[in-house]
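Engineer: From first to last, the protein sequence lines stand for chains A and B.
Position one of the first sequence corresponds to residue 197 (this note's numbering), numbered consecutively onward.
Position one of the second sequence corresponds to residue 488 (this note's numbering), numbered consecutively onward.
Each residue gets a CB set at the ideal place from its N, CA and C atoms; glycine is no exception.
Dumping the structure here so I can ask a few things about it.
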Amino acid sequence: MDAQVASAIAVESLVKLYKGTTAVDGISFRLSPGSVTGLLGGNGAGKTTTIAMIMGLVTPTAGAVSVLGALMPKERYRVLHRMNFESPYVDMPMRLTVRQNLSVFAQLYAVPDIGERIAALAGELDLTEFLDRPTGKLSAGQKTRVSLAKALLNRPEVLLLDEPTASLDPDTADWVRGRLERYRIEHGATILLASHNMMEVERLCERVIIMKKGRIEDDDTPERLLARYGRQTLEDVFLDVARGRAHREAAQ
Amino acid sequence: MSSTTDVGMNFSLNRVSAMVRRYWYLLRSSWPRILDLIYWPTVQMLMWGFLQLYVSQQSNSFAAAGGVFIGAVLLWDILFRGQLGFSISFLEEMYAHNLGNLMMSPLRPVEFIAALMIMSIVRLSIGMVPVTMLAIAFFGFNLWSMGLALAAFFVNLILTSWSIGIFVAGLLLRNGMGAESLAWTIMFLFLPLTCVYYPVAVLPGFLQYVAWSLPPTYVFEGMRALLIDHVFRADLMVEAFIFNGVLFAAASFAFLKLLQSARVQGSLLQTGE
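Given below as structure tokens:
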């Protein structure tokens, strides 16, 4: 239990079966508070299912997940107000204005001084001029910033990000990464980031977990992974893992 | 630690009010949504009102039973629109792909349901109050003159509509939008069985047992007793309330089981077809 509390996120022998298909196959890892970890893997590798189990949206078949010392999903209401997430696959209600959406979520998360918090976040995320516009009328980049504002409303200690820059242009994506870096530095938050963007992972993450077919294929710092596979970029490392090339073979 | 922690944060009126605010913003942002609340109840009331008028001109016995059809259609609309108001608010989250945000927030299922119940009353009020006024203007039928009896009818009907709404919400969580049509049509199963427009005695024997197991049947029988015999049957309302207690408990239990199953099956991630 002590180790679980010391870890912001602790995943132990986690298994998820869907009607005979193994989505996650006995994975274990621990994330220390304030760390930024990238979760990599091809489509169907089990990243989204793993994140969903960490969020308490999916019940594990076996094994255990704890976040900030609370077992998920059983004890999720102890910690949900200290977590948040952002995903391009979950939308904010389109007909509500940005301010309405943010104020509803701020109230759900019991954020104090809601007006001030929204104004501050809008300033930081360059959303002030859009606050009274319907969310559905915004561009993809602006919507992503609104989702990010929602994710940061409660100053989460644990932030789960599922492809936070998917479908964004390079400039906006870079801007979002900068904001995430700043948030992590200012608040010491633990960030788990699932992404297909290797450049993003190299820039943000101090640790990378690579999944394949529901298992962890490798888990190390980006520097050590590059050295071990003898590659210049994480993308090449990712391709080596995805195509089943072993470290030494890949280096040759 | 784990024995009490699932309770975690207690029921919060603040979170309920956040959700009610969210639905209110949505409703007031869209005039077609508001029009939809009034349009069909008005059409129904006018159609049954004129039918009642015609039939009462042909038969003395129908003339004596003044307002039975209009009363029935207005009470039916409380039942039907109450459930629809609950289910549509829930469906709005699925249409908006917003369930993930809510399920990941500190909002608890019981708070979510409480907000949906409040919205069902808000939507019902917007739709039904103007229609009851039109019923007075067109046919001289004043639903409000039923007084305390109307309150008893309303409480029983809205409890049934919430029970069905809760059960449908569970089905939607577990089965995704594949269960959407149930949200729109499930209440029509109650239309013939709860004897909205005719007495229970009209049904064949075995169906009468089914009818008497459904709380709204007691309300519609009670309404006919009030309008035809001018007697308020408190016994029927008490029986309806007991059946509603059982139905509400069963629906809540089913919802929690379906939510639990949705977490196991991963359906909360896939709320599409």
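Going along the chain, which unbroken runs of the beta strand (DSSP E) with 3 or more residues stay wholly within the region 237–315 of chain A?
Structural biologist: Scanning the region 237–315 of chain A for uninterrupted beta strand (DSSP E) segments of 3 residues or longer gives 258–263, 266–268, 279–282, listed from N- to C-terminal end.
Engineer: Leaving aside the five residues before and after F719/B along the sequence, list all residues of the same chain whose C-beta is less than 6 Å from its C-beta, in chain order.
Structural biologist: On the second sequence, position 232 is the one that residue 719/B refers to. Excluding residues within five positions, the ones whose Cβ falls inside 6 Å are A636, L713.
Engineer: Would you mind working out which of N585/B, E580/B, F567/B, A639/B sits nearest W649/B, comparing C-alpha positions?
Structural biologist: Position 162 of the second sequence holds residue 649/B. With distances taken between Cα atoms, W649/B lies closest to F567/B.
Engineer: Which full runs of the alpha helix (DSSP H) of 4+ residues lie inside the region 374–405 of chain A, going along the chain?
Structural biologist: 394–400
Engineer: Taking the runs of the alpha helix (DSSP H) that are 4 residues or longer, which of them lie wholly in the region 574–655 of chain B?
Structural biologist: 586–590, 596–626
Engineer: Roughly how many whole angstroms lie between the Cα atoms of L317/A and P229/A?
Structural biologist: Here the question's residue 317/A lines up with position 121 in the first sequence. Here the question's residue 229/A lines up with position 33 in the first sequence. Cα to Cα, the separation comes out at about 23 Å.
Engineer: When the cut-off is 9 Å and only beta carbons count, does V300/A lie next to chain B?
Structural biologist: Within the first sequence, numbered from 1, the residue matching residue 300/A stands at position 104. With 9 Å as the cut-off, V300/A counts as an interface residue toward chain B.
Engineer: Determine the closest residue to S499/B out of L538/B, R508/B, V597/B, with distance taken between C-alpha atoms.
Structural biologist: Taking the first residue of the second sequence as position 1, residue 499/B is located at position 12. Residue V597/B is the option with its Cα nearest to S499/B.
Engineer: Assuming R278/A and E353/A form a contact by the criterion Cβ under 8 Å, report the distance between their Cβ atoms to the nearest whole angstrom.
Structural biologist: Within the first sequence, numbered from 1, the residue matching residue 278/A stands at position 82. Within the first sequence, numbered from 1, the residue matching residue 353/A stands at position 157. At roughly 5 Å, the Cβ-Cβ gap stays under 8 Å, so R278/A and E353/A are in contact.
Engineer: For the beta strand (DSSP E) containing I673/B, name the first residue and the last one.
Structural biologist: As a first step, residue 673/B is located in the second sequence; it is residue number 186 there, counting from the start. Premise fails: I673/B is in no beta strand (DSSP E) and is neither H nor E.
Engineer: Based on DSSP bridge pairs, tell me the residues matched to I715/B.
Structural biologist: Mapped onto the second sequence, residue 715/B falls at position 228. Its beta-bridge partners do not exist; DSSP assigns none.
Engineer: Return the CA-CA distance between S363/A and R373/A, expressed in angstroms with no decimal places.
Structural biologist: As a position in the first sequence, residue 363/A is number 167, starting the count at 1. As a position in the first sequence, residue 373/A is number 177, starting the count at 1. Their backbone Cα atoms lie some 14 Å apart in a straight line.
Engineer: Whole alpha helix (DSSP H) runs in the region 323–362 of chain A with 4 or more residues, listed along the chain?
Structural biologist: 336–348
Engineer: Could you give the distance in angstroms between the alpha-carbon of T245/A and the alpha-carbon of G252/A?
Structural biologist: Translated into the one-based positions of the first sequence, residue 245/A becomes position 49. Translated into the one-based positions of the first sequence, residue 252/A becomes position 56. About 10 Å.
Engineer: Is M394/A close to chain B, meaning its C-beta is less than 9 Å from at least one C-beta of that chain?
Structural biologist: Indexing the first sequence from 1 puts residue 394/A at position 198. Not closer than 9 Å to any Cβ of chain B, the Cβ of M394/A fails to qualify, so no.
Engineer: Measuring only the C-alpha atoms, how far is L589/B from R595/B?
Structural biologist: Start at 1 with the first residue of the second sequence, and residue 589/B comes out as number 102. Start at 1 with the first residue of the second sequence, and residue 595/B comes out as number 108. Looking at the two C-alpha atoms, the distance is approximately 9 Å.
Engineer: Going by Cα to Cα distance, which pick from S576/B, V542/B, R502/B, L694/B is closest to W671/B?
Structural biologist: As a working note, residue 671/B is residue 184 in the second sequence. Ranking the options by Cα distance to W671/B, first place goes to S576/B.
Engineer: Return the chain-ordered list of same chain residues with a C-beta closer than 7 Å to the C-beta of F654/B, the five sequence neighbours on each side being excluded.
Structural biologist: On the second sequence, residue 654/B is found 167 positions in, with the first residue counted as 1. Around F654/B, the same chain offers A738, A741, F742 as residues with beta carbons nearer than 7 Å, after the five sequence neighbours per side are excluded.
Engineer: Using a C-beta to C-beta distance shorter than 9 Å, which residues of chain B count as neighbours of P360/A?
Structural biologist: For this step, residue 360/A is matched to residue 164 along the first sequence. Ordered by position in chain B, no residue passes the 9 Å Cβ test against P360/A, which lies about 14 Å from the chain.
Engineer: Could you check whether T293/A and T331/A sit closer than 9 Å to each other, using their CB atoms as the reference points?
Structural biologist: Working through the first sequence from its first residue, we reach residue 331/A at position 135. Working through the first sequence from its first residue, we reach residue 293/A at position 97. Yes.
Engineer: Looking at the unbroken alpha helix (DSSP H) that takes in L694/B, where does it start and where does it end?
Structural biologist: Here the question's residue 694/B lines up with position 207 in the second sequence. Counting along the chain, the alpha helix (DSSP H) containing L694/B begins and ends at 692–699.
Engineer: So with CB distances below 7 Å, who are the chain A contacts of A583/B?
Structural biologist: For the purposes of this step, residue 583/B is identified with residue 96 of the second sequence, where counting begins at 1. Correct list: D287, P289, M290.
Engineer: Kindly say whether L594/B, judged by its beta-carbon, lies nearer than 9 Å to any beta-carbon of chain C.
Structural biologist: The structure shown contains no chain C; its protein chains are A and B.
Engineer: Please return the same chain residues whose Cβ sits closer than 8 Å to the Cβ of I605/B, not counting the five positions on each side in sequence.
Structural biologist: As a position in the second sequence, residue 605/B is number 118, starting the count at 1. Excluding positions up to five away in sequence, the list reads V503, V507.
Engineer: Leaving out five residues before and five after A315/A in sequence, what residues of the same chain have Cβ atoms less than 8 Å from its Cβ?
Structural biologist: Translated into positions along the first sequence, residue 315/A becomes position 119. Only T324 meet the Cβ criterion.
Engineer: From G759/B to V697/B, what distance separates their C-alpha atoms?
Structural biologist: The count along the second sequence starts at 1 and reaches residue 759/B at position 272. The count along the second sequence starts at 1 and reaches residue 697/B at position 210. At G759/B the pLDDT is 49, less than 50, meaning the model places this residue with poor confidence and gives no usable figure here.
Engineer: Cβ atoms of M288/A and A601/B: under 9 Å apart, would you say?
Structural biologist: On the second sequence, position 114 is the one that residue 601/B refers to. On the first sequence, position 92 is the one that residue 288/A refers to. It is not a contact, given that the beta carbons lie outside the stated cut-off.
Engineer: Name the residue from N350/A, D221/A, G242/A whose alpha carbon lies nearest to the alpha carbon of A302/A.
Structural biologist: For the purposes of this step, residue 302/A is identified with residue 106 of the first sequence, where counting begins at 1. The shortest Cα separation from A302/A among N350/A, D221/A, G242/A belongs to N350/A.
Engineer: Looking at C-alpha atoms only, which residue of V616/B, E580/B, M615/B is the closest neighbour of L603/B?
Structural biologist: Your numbering for residue 603/B matches position 116 in the second sequence. Answer by Cα proximity: E580/B.
Engineer: State yes or no: is the beta carbon of G384/A nearer than 9 Å to at least one beta carbon in chain B?
Structural biologist: The residue labelled residue 384/A in the question sits at position 188 within the first sequence. False, the Cβ-Cβ gap to chain B never drops below 9 Å.
Engineer: For the region 716–732 of chain B and the region 629–648 of chain B, state whether three or more C-beta atom pairs, one from each stretch, are separated by less than 8 Å.
Structural biologist: yes
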